[in-house]
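Enquirer: Quick one: the structure is below, and I'll ask about it shortly.
Numbering (our numbering), first residue to last: -17 to 74.
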């Protein structure tokens, strides 16, 4: 199961009304509709705007954190020093 975050967004009422109607028509939740549309929008973004790291760690109840650390995968061109610099210089 993917981690979920609770957040507050201010969305135009016309958009929320449309999302509600789409959710009703598709017999699903507004959250699913919003997530699906956000994913579609993010997929259309240029790669430079997307998160550069994707860690793939399969949970294993028989492993401790030290075992998991060695199983993190990253692209071959990934430079951990540059990644840390980028994170430290981001404006939040």
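Using N, Cα and C, we set each Cβ at its ideal position, and we do this for glycine too.
#1: Using only alpha-carbon positions, find the residue among 2, -12 and -13 that is nearest to residue -6.
#2: At least one CB of chain C closer than 8 Å to the CB of residue 9: is that the case?
#3: Using beta-carbon positions only, say whether residue 4 and residue -3 come within less than 8 Å of one another.
#4: Does DSSP put residue 61 in a helix, a strand or coil?
#5: Output the boundary residues of the alpha helix (DSSP H) element that contains residue 25.
#6: If I follow the unbroken alpha helix (DSSP H) through residue -11, where does it start and stop?
Expert: On the basis of the coordinates in this document:
#1: Here residue -6 corresponds to residue number 12 of the chain shown, with the count starting at 1. When only C-alpha atoms are compared, the closest one is 2.
#2: Here chain C cannot be found, since the structure has a single protein chain.
#3: As a first step, residue 4 must be located in the chain shown, where it is residue number 22. As a first step, residue -3 must be located in the chain shown, where it is residue number 15. No, these two residues do not count as a Cβ contact at 8 Å.
#4: Working through the chain shown from its first residue, we reach residue 61 at position 79. If DSSP states are grouped into helix, strand and coil, residue 61 belongs with coil.
#5: Start at 1 with the first residue of the chain shown, and residue 25 comes out as number 43. Counting along the chain, the alpha helix (DSSP H) containing residue 25 begins and ends at 12 to 26.
#6: Locating residue -11 in the chain shown gives position 7, where the first residue counts as 1. From DSSP, residue -11 is part of no alpha helix (DSSP H); its letter is neither H nor E.
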